[in-house]
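Structure first, commentary second.
Residue numbers (the numbering used here): 31 to 190.
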């Protein structure tokens, strides 16, 4: 029987490249991450592709099997963006993906984001009265770039 969705906010489909680190916690068995003395990731980065984004989270697919409670440092690359968007959050769930990539097993991971560009995600969530949607720094940082690109594309199209 399918599980009932318990989502707090709507999801918006995305496909952007993500690089992430998993923060090391002494009490957690994490074999692929070590933090340096400045609390910065010191492990290799893993590549993922986002599946969707919400006001306080992101879901992505990667070859890495993560565990609930793992703390991640992410760099999200959006089309047209000059620099990656730094995000930090906690893995809420990870499960095998029904899709394989080039024959390799993949994992879908849901991350509750705590910060974007060092700004609190929780404090940034609000209801946009004009568009009647819940919005946040997460959505603005990921989807806002698409809006800007679309505006530029439309502007260039109307000049021709």
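Glycine residues also receive a C-beta, built at the ideal position from the N, C-alpha and C atoms.
#1: Which runs of the beta strand (DSSP E) spanning at least 3 residues fall entirely within the stretch 68-139, listed in chain order?
#2: Using only the alpha-carbon positions, how far apart do residue 174 and residue 157 sit?
#3: In angstroms, rounded to a whole number, what distance separates the CA positions of residue 85 and residue 43?
#4: Could you work out which residue in 77, 37, 79 and 118 is closest to residue 149 when comparing CA atoms only?
#5: What separation, rounded to the nearest whole angstrom, lies between the Cα atoms of residue 154 and residue 166?
#6: Between which two residues does the beta strand (DSSP E) carrying residue 164 extend?
Once the coordinates are examined:
#1: 76-83, 87-92, 101-107 and 115-126
#2: 16 Å
#3: 12 Å
#4: 118
#5: 5 Å
#6: 163-165
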